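Chains as they are written, first to last, in our numbering: chain A, 25 to 479; chain B, 25 to 479. For reference, the structure is listed below as structure tokens.
Number of protein chains: 2
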Amino acid sequence: MATYRHGKDRPRPDSVGVLALEVYFPTQHVLMSDMELADGCPGKYTRGLEQEAMSFCSDREDVVSMALTVAKSLMDKYRVRPAEVGHLQVATESAVDRSKSIKSHLMTLWRRAVGGGPPAEGVDCVHACYGGTAALLAAVDWVESRRWDGRLALVVAADVALYAPGTPARPTGGCGAAAILVGPDAPLVLDPLWYGSHAEHSWDFYKPLGTLPYPAVDGPRTLVQYLRAMGMCGMRLLDRVQRAGELAPEEGVHHFVAHAPFSKLARKGLARLALMDAICRAAAGLSSYESYATWRLEDKELEAQLVAGTTLEWREKAEDGSWLQKQVGNSYTASVWQGLASLVWRQGAQLAGRRLLLFSFGSGTIASLFSLVCGPSDPRFTLESIQGVLDLGERLRARVRRPLEVFDAVSAQVVASYACPVPYEPRGDVADVAAGSYYLLRVDEHSRRWYGRKV
Amino acid sequence: MATYRHGKDRPRPDSVGVLALEVYFPTQHVLMSDMELADGCPGKYTRGLEQEAMSFCSDREDVVSMALTVAKSLMDKYRVRPAEVGHLQVATESAVDRSKSIKSHLMTLWRRAVGGGPPAEGVDCVHACYGGTAALLAAVDWVESRRWDGRLALVVAADVALYAPGTPARPTGGCGAAAILVGPDAPLVLDPLWYGSHAEHSWDFYKPLGTLPYPAVDGPRTLVQYLRAMGMCGMRLLDRVQRAGELAPEEGVHHFVAHAPFSKLARKGLARLALMDAICRAAAGLSSYESYATWRLEDKELEAQLVAGTTLEWREKAEDGSWLQKQVGNSYTASVWQGLASLVWRQGAQLAGRRLLLFSFGSGTIASLFSLVCGPSDPRFTLESIQGVLDLGERLRARVRRPLEVFDAVSAQVVASYACPVPYEPRGDVADVAAGSYYLLRVDEHSRRWYGRKV
Numbered sequence: 025m026a027t028y029r030h031g032k033d034r035p036r037p038d039s040v041g042v043l044a045l046e047v048y049f050p051t052q053h054v055l056m057s058d059m060e061l062a063d064g065c066p067g068k069y070t071r072g073l074e075q076e077a078m079s080f081c082s083d084r085e086d087v088v089s090m091a092l093t094v095a096k097s098l099m100d101k102y103r104v105r106p107a108e109v110g111h112l113q114v115a116t117e118s119a120v121d122r123s124k125s126i127k128s129h130l131m132t133l134w135r136r137a138v139g140g141g142p143p144a145e146g147v148d149c150v151h152a153c154y155g156g157t158a159a160l161l162a163a164v165d166w167v168e169s170r171r172w173d174g175r176l177a178l179v180v181a182a183d184v185a186l187y188a189p190g191t192p193a194r195p196t197g198g199c200g201a202a203a204i205l206v207g208p209d210a211p212l213v214l215d216p217l218w219y220g221s222h223a224e225h226s227w228d229f230y231k232p233l234g235t236l237p238y239p240a241v242d243g244p245r246t247l248v249q250y251l252r253a254m255g256m257c258g259m260r261l262l263d264r265v266q267r268a269g270e271l272a273p274e275e276g277v278h279h280f281v282a283h284a285p286f287s288k289l290a291r292k293g294l295a296r297l298a299l300m301d302a303i304c305r306a307a308a309g310l311s312s313y314e315s316y317a318t319w320r321l322e323d324k325e326l327e328a329q330l331v332a333g334t335t336l337e338w339r340e341k342a343e344d345g346s347w348l349q350k351q352v353g354n355s356y357t358a359s360v361w362q363g364l365a366s367l368v369w370r371q372g373a374q375l376a377g378r379r380l381l382l383f384s385f386g387s388g389t390i391a392s393l394f395s396l397v398c399g400p401s402d403p404r405f406t407l408e409s410i411q412g413v414l415d416l417g418e419r420l421r422a423r424v425r426r427p428l429e430v431f432d433a434v435s436a437q438v439v440a441s442y443a444c445p446v447p448y449e450p451r452g453d454v455a456d457v458a459a460g461s462y463y464l465l466r467v468d469e470h471s472r473r474w475y476g477r478k479v
Numbered sequence: 025m026a027t028y029r030h031g032k033d034r035p036r037p038d039s040v041g042v043l044a045l046e047v048y049f050p051t052q053h054v055l056m057s058d059m060e061l062a063d064g065c066p067g068k069y070t071r072g073l074e075q076e077a078m079s080f081c082s083d084r085e086d087v088v089s090m091a092l093t094v095a096k097s098l099m100d101k102y103r104v105r106p107a108e109v110g111h112l113q114v115a116t117e118s119a120v121d122r123s124k125s126i127k128s129h130l131m132t133l134w135r136r137a138v139g140g141g142p143p144a145e146g147v148d149c150v151h152a153c154y155g156g157t158a159a160l161l162a163a164v165d166w167v168e169s170r171r172w173d174g175r176l177a178l179v180v181a182a183d184v185a186l187y188a189p190g191t192p193a194r195p196t197g198g199c200g201a202a203a204i205l206v207g208p209d210a211p212l213v214l215d216p217l218w219y220g221s222h223a224e225h226s227w228d229f230y231k232p233l234g235t236l237p238y239p240a241v242d243g244p245r246t247l248v249q250y251l252r253a254m255g256m257c258g259m260r261l262l263d264r265v266q267r268a269g270e271l272a273p274e275e276g277v278h279h280f281v282a283h284a285p286f287s288k289l290a291r292k293g294l295a296r297l298a299l300m301d302a303i304c305r306a307a308a309g310l311s312s313y314e315s316y317a318t319w320r321l322e323d324k325e326l327e328a329q330l331v332a333g334t335t336l337e338w339r340e341k342a343e344d345g346s347w348l349q350k351q352v353g354n355s356y357t358a359s360v361w362q363g364l365a366s367l368v369w370r371q372g373a374q375l376a377g378r379r380l381l382l383f384s385f386g387s388g389t390i391a392s393l394f395s396l397v398c399g400p401s402d403p404r405f406t407l408e409s410i411q412g413v414l415d416l417g418e419r420l421r422a423r424v425r426r427p428l429e430v431f432d433a434v435s436a437q438v439v440a441s442y443a444c445p446v447p448y449e450p451r452g453d454v455a456d457v458a459a460g461s462y463y464l465l466r467v468d469e470h471s472r473r474w475y476g477r478k479v
């Protein structure tokens, strides 16, 4: 009996990848220079971290509302009908519930879906900042699997990065969301070969249950884990490409986009990749993955030289991809996808024929280095349409700059609302929620959360 | 430029599914009859819920330790080398951390992995009790994707179901874990066609952040959601099979395994499937999915008649699959996989050529009805080897029955440890941890959790 080998097994879909992309960031932001003034450390955040501003929101918005906002926005702007979506993966590390997934809230957008039914495939993916990439890979895998039913997949990542006042991590916060439509004949194709991953157990960043939303952070350890994972992923990608008999990859990358807690760290990451390329080409006497990838990792002087030595490469390959992240801050699972949005908005159709290298990192630790190739696509979804939809310049200009006191006061309210007695009535001003965005109406006496959409 | 169409694109692996299976439940259990005595409701839990006993553990064991235990046990018993595993998906709704995944803890089992490196693919899948199925589907999709590197995938599901004393849900608790090895040439093949899913937003069961581990439960609503989802999944599976030009599925199912908060609910589920078969065959005037699937869902008299009318079918097709669940209780994400273990242990090689229908449900709501077909397999992984490894009769006999007072006292300690000040020293007796199991040594002053393994 082999009835599971069905006669009508579909052929594999071609060129699976990113069809469409949307990002979300709230209306309010605080400038890094204002934060430097308040903290008495001029240049530390603007030149040291290479950040310009940081988005924030009140208790009116959370990861559920941001996920709703960005998913609805993508579907509206690209005219994707609910019935076209058959798979929905979500990523977060700022969940508001430990059992009810954000995915389940998003199902309200599919109330009237007909055809194959709502996108019943997919759940919330949790592993610190890596969840968005896990969600994307799961979506691509589904499209390439035998179970695929011909519909598209949607990936949604949303997070709020908030650190305790007075801690070194405070200026590396932010918040935001990203939505990615996945399917065949994509303008940004996931290359199945150019891929390297790394995972290990570490205690650099975590959120033990408690009454505060702040993570426990060992900052210096996270930075080392990030660069170490970059090295490990780089070596595994190279090994995979070489084993397949393909050319070494170092010549082929035109653009680099990275998960960026702050922009300077991504720059250090690119510098480490460049070092590894050099080591490989020189065929140094280093014999294993590990020794290549972690060579002199703690050497700050070497790091500074590498960063200086790769300034031109950074400008040419990575500045477009880090432009938005610098102004929005860390959006955790959405960060690398906001980076991709930044690149596509700045380059548009010029990306045709180009190869992008993306680095996704989650503390704890997990990371992937992977590649998107810009090819000919379904005319419905193109680099131009993504560029047009994103409209990032106008959207950033429409934000409101707040003094640091407002950020601190709003943050304090978010913290107070975190484990508050229910029922809870949010105190944030609905005037600060953008038109078209979802926001929290109230938390009822059973801890159920109710959301509305601002007209 | 189309360098992402690589020359050495692998052919699709054949017959992807469950290669090996292991379950875990702690040493201690309480009898439902003892609970009935204490609650003064004879027959309510044994005949009403059709449950016999419930596993529980102290604060020495949690979802991290159980995940470590079951993963290590599977790899040891089936002699799977760490380097053979390239993908690791985890499921839980009892996470101990909102950012650091269980997956990251499991990486300690791969410290010395060489070859392609550790299983860097995969994260924690969260959507109430459905997470284990989401993890399994993601693992199968990976093996069928172009990115697959030829290694095997491991799926781990672990949960603790603990309800507040004095609530109707209390006797539907339990705890446990399951590990599933996924790859090609499997003895239990996931049929890519026999598949129906359903998802919607509902507030039947959730875990809002707080200082208690108990979920918020609307029990009656969960039961309706379960049966409604069963109906919706059944109709979608039928539609999918018929659209593909294959025969209607109702004749082909030999065994039924379901997610079982308590055994009686799974029985009601089977009864609803039987009703839908009857409706479809009679071609009644019901015109849509929804009307078929939810027809007279609230009619308790109809339900009782259906359950009575399907007693023989239940005995023949489902009793073997619910046998273990009755004695262990609800293990949330692991429940349906403990059911599969139960069936394979009771039937072994007799399953050859048989078709199994599985139902996975998660509150909130998401559900899938899917099928495993028992075919010829890689001689390394067979129905016989799974049966031999599981050894469920002996393992259940080795458990220790505790009076209700012990269960209540141990549960109270688990609750007290949930959001306790750190550092925290667990109070549970290590003597109650089985040899070979992992257990919590301590939570340090930075909320880091340290685990050991009992020799």
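C-beta atoms are modelled at their ideal positions from N, C-alpha and C, and glycine is treated no differently. None of the values given here were measured: they were computed from a predicted structure.
(message) Can you tell me which residues form a DSSP beta bridge with M256 of chain B?
(response) As a position in the second sequence, residue 256 of chain B is number 232, starting the count at 1. None, per the DSSP bridge assignment.
(message) Please list, in chain order, the chain B residues whose beta carbon lies closer than 7 angstroms to that of W166 of chain A.
(response) As a position in the first sequence, residue 166 of chain A is number 142, starting the count at 1. Correct list: D165.
(request) Report all residues from its chain with a CB closer than 7 angstroms to the CB of Q371 of chain B; omit the five preceding and five following residues, and keep chain order. (result) Here residue 371 of chain B corresponds to residue number 347 of the second sequence, with the count starting at 1. So the qualifying residues of the chain are D344.
(message) Going by DSSP, what residue range makes up the beta strand (DSSP E) through W218 of chain A?
(response) Locating residue 218 of chain A in the first sequence gives position 194, where the first residue counts as 1. Taken as a continuous stretch (DSSP letters only), the beta strand (DSSP E) holding W218 of chain A covers L212 to A223.
(request) State yes or no: is the beta carbon of A373 of chain A nearer than 8 angstroms to at least one beta carbon in chain B? (result) The count along the first sequence starts at 1 and reaches residue 373 of chain A at position 349. Answer no: the Cβ-Cβ gap between A373 of chain A and chain B never drops below 8 angstroms.
(message) Using 8 angstroms for Cβ pairs, my map puts A152 of chain A next to K124 of chain B. What's the rounded Cβ distance?
(response) As a position in the first sequence, residue 152 of chain A is number 128, starting the count at 1. As a position in the second sequence, residue 124 of chain B is number 100, starting the count at 1. Confirmed, Cβ separation roughly 7 angstroms.
(message) Using only the alpha-carbon positions, how far apart do L98 of chain B and E46 of chain B sit?
(response) Working through the second sequence from its first residue, we reach residue 98 of chain B at position 74. Working through the second sequence from its first residue, we reach residue 46 of chain B at position 22. For L98 of chain B and E46 of chain B, the distance between alpha carbons rounds to 6 angstroms.
(message) So, with DSSP's three-state summary, where would you put A282 of chain A?
(response) Indexing the first sequence from 1 puts residue 282 of chain A at position 258. Three-state result, A282 of chain A: strand.
(message) Against chain B, does C199 of chain A count as a neighbour if the rule is that its beta carbon must be under 8 angstroms from one of theirs?
(response) As a first step, residue 199 of chain A must be located in the first sequence, where it is residue number 175. Not closer than 8 angstroms to any Cβ of chain B, the Cβ of C199 of chain A fails to qualify, so no.
(request) Report the residues of the region 216–240 of chain A with a CB closer than 8 angstroms to any CB of chain C, ordered along the chain. (result) Included in the structure are the protein chains A and B, with no chain C among them.
(request) Tell me whether S359 of chain B sits in a helix, a strand or coil according to DSSP, three-state version. (result) For this step, residue 359 of chain B is matched to residue 335 along the second sequence. If DSSP states are grouped into helix, strand and coil, S359 of chain B belongs with the helices.
(request) Following the continuous alpha helix (DSSP H) through S395 of chain A, name the residue where it begins and the one where it ends. (result) Translated into positions along the first sequence, residue 395 of chain A becomes position 371. Where S395 of chain A is concerned, there is no enclosing alpha helix (DSSP H), although the beta strand (DSSP E) it sits in stretches over I390 to C398.
(request) Using a threshold of 8 angstroms, state whether the C-beta atoms of S89 of chain A and Y462 of chain A are closer than that. (result) On the first sequence, position 65 is the one that residue 89 of chain A refers to. On the first sequence, position 438 is the one that residue 462 of chain A refers to. In contact: S89 of chain A and Y462 of chain A (Cβ atoms closer than 8 angstroms).
(message) Check this for me: beta carbons of L178 of chain B and A95 of chain B, under 8 angstroms apart or not?
(response) Stepping through the second sequence from its first residue, residue 178 of chain B is reached at position 154. Stepping through the second sequence from its first residue, residue 95 of chain B is reached at position 71. Against a cut-off of 8 angstroms, the Cβ pair of A95 of chain B and L178 of chain B comes out as a contact.
(request) Count the other C-beta atoms from every protein chain shown that fall within 10 angstroms of the C-beta of Q266 of chain B, then say buried if there are 16 or more, exposed otherwise. (result) By one-based count along the second sequence, residue 266 of chain B stands at place 242. The residue in question, Q266 of chain B, is exposed, as its Cβ has fewer than 16 Cβ neighbours within 10 Å.
(message) So, for Y238 of chain A: in the same chain, excluding its five sequence neighbours on each side, which residues have a beta-carbon less than 7 angstroms away from its beta-carbon?
(response) To locate residue 238 of chain A, count along the first sequence from 1; it is residue 214. Correct list, in chain order: L186, Y187 and A188.
(message) Is it buried or exposed, P285 of chain B, if we count other Cβ atoms within 10 angstroms and call 16 or more buried?
(response) As a first step, residue 285 of chain B must be located in the second sequence, where it is residue number 261. Flag for P285 of chain B reads buried.
(request) Check the Cβ of S123 of chain B against every Cβ in chain A and list those closer than 8 angstroms, keeping chain order. (result) On the second sequence, position 99 is the one that residue 123 of chain B refers to. Ordered by position in chain A, the residues that pass the 8 angstroms Cβ test against S123 of chain B are E117, V150, A152, F229, Y230, K231, P239, S387 and G388.
(message) List, in chain order, every chain B residue whose beta-carbon is nearer than 7 angstroms to that of R291 of chain A.
(response) If you number the first sequence from 1, residue 291 of chain A lands on position 267. The contacting residues do not exist; R291 of chain A stays about 24 angstroms from chain B at best.
(request) List the residues that DSSP assigns as beta-bridge partners of E145 of chain A. (result) What you label residue 145 of chain A is simply residue 121 of the first sequence in a count that begins at 1. Its beta-bridge partners are A:H111.
(request) Helix, strand or coil for V180 of chain B, going by three-state DSSP, please let me know. (result) As a working mapping, residue 180 of chain B is identified with position 156 in the second sequence. DSSP places V180 of chain B in strand when its eight states are reduced to three.
(message) I want to know whether the region 219–229 of chain B touches the region 241–252 of chain B - three or more CB-CB distances under 8 angstroms.
(response) yes
(message) Can you give me the C-alpha to C-alpha distance between D456 of chain A and M56 of chain A, rounded to a whole angstrom?
(response) Residue mapping note: residue 456 of chain A aligns to position 432 of the first sequence, counting from 1. Residue mapping note: residue 56 of chain A aligns to position 32 of the first sequence, counting from 1. Answer to the nearest angstrom: the Cα atoms are 20 angstroms apart.
(request) Out of B:P106, B:V120, B:N354 and B:E74, point me to the one whose CA is closest to T235 of chain B's CA. (result) Position 211 of the second sequence, counted from the first residue, corresponds to residue 235 of chain B. Answer by Cα proximity: B:V120.
(request) Out of A:G72, A:E168, A:S118 and A:A107, state which residue places its alpha-carbon closest to the alpha-carbon of P37 of chain A. (result) Residue numbering aside, residue 37 of chain A sits at position 13 when the first sequence is read from its first letter. Residue A:E168 is the option with its Cα nearest to P37 of chain A.
(request) With L381 of chain A as the anchor, note down where its beta strand (DSSP E) starts and where it stops. (result) Within the first sequence, the letter at position 357 stands for residue 381 of chain A. R379 to G386 is the extent of the beta strand (DSSP E) around L381 of chain A.
(message) Excluding the 5 residues flanking V467 of chain B on each side, which residues of the same chain have their C-beta closer than 7 angstroms to its C-beta?
(response) Reading the second sequence from its first residue, position 443 is the one you call residue 467 of chain B. So the qualifying residues of the chain are V446, P447, Y448 and R473.
(message) When you compare the region 61–68 of chain B with the region 416–425 of chain B, are there three or more beta-carbon pairs, one atom per stretch, that lie closer than 8 angstroms?
(response) no
(message) Do G207 of chain B and L247 of chain B have their beta-carbon atoms positioned less than 8 angstroms apart in this structure?
(response) For the purposes of this step, residue 247 of chain B is identified with residue 223 of the second sequence, where counting begins at 1. For the purposes of this step, residue 207 of chain B is identified with residue 183 of the second sequence, where counting begins at 1. Not closer than 8 angstroms, so no.
(message) At a CB distance below 8 angstroms, what residues from the region 97–109 of chain A approach chain B? Give them in sequence order.
(response) none
(request) List the residues that DSSP assigns as beta-bridge partners of W474 of chain A. (result) As a working mapping, residue 474 of chain A is identified with position 450 in the first sequence. Paired residues: A:R466.
(request) Measure the C-alpha to C-alpha separation of F385 of chain A and R426 of chain B and round it to an integer number of angstroms. (result) Position 361 of the first sequence, counted from the start, is the residue given in the question as residue 385 of chain A. Position 402 of the second sequence, counted from the start, is the residue given in the question as residue 426 of chain B. Each residue's alpha carbon lies about 46 angstroms from the other.
(request) For H470 of chain A, go through chain B and note every residue whose CB falls closer than 7 angstroms to its CB, in chain order. (result) Indexing the first sequence from 1 puts residue 470 of chain A at position 446. In chain order: A240.
(message) Which residues in chain B have a C-beta closer than 8 angstroms to the C-beta of T406 of chain A? List them in chain order.
(response) Residue numbering aside, residue 406 of chain A sits at position 382 when the first sequence is read from its first letter. Ordered by position in chain B, no residue passes the 8 angstroms Cβ test against T406 of chain A, which lies about 16 angstroms from the chain.
(request) Measuring only between beta-carbons, confirm whether M131 of chain A sits less than 8 angstroms from chain B. (result) By one-based count along the first sequence, residue 131 of chain A stands at place 107. Yes, M131 of chain A counts as interfacial toward chain B.
(request) Might you give, ordered along the chain, the residues of its own chain that have their beta carbon closer than 6 angstroms to the beta carbon of F49 of chain A, omitting 5 neighbours on each side? (result) Walking along the first sequence from the start, residue 49 of chain A turns up at place 25. These residues qualify, in order along the chain: S79, G200 and V352.
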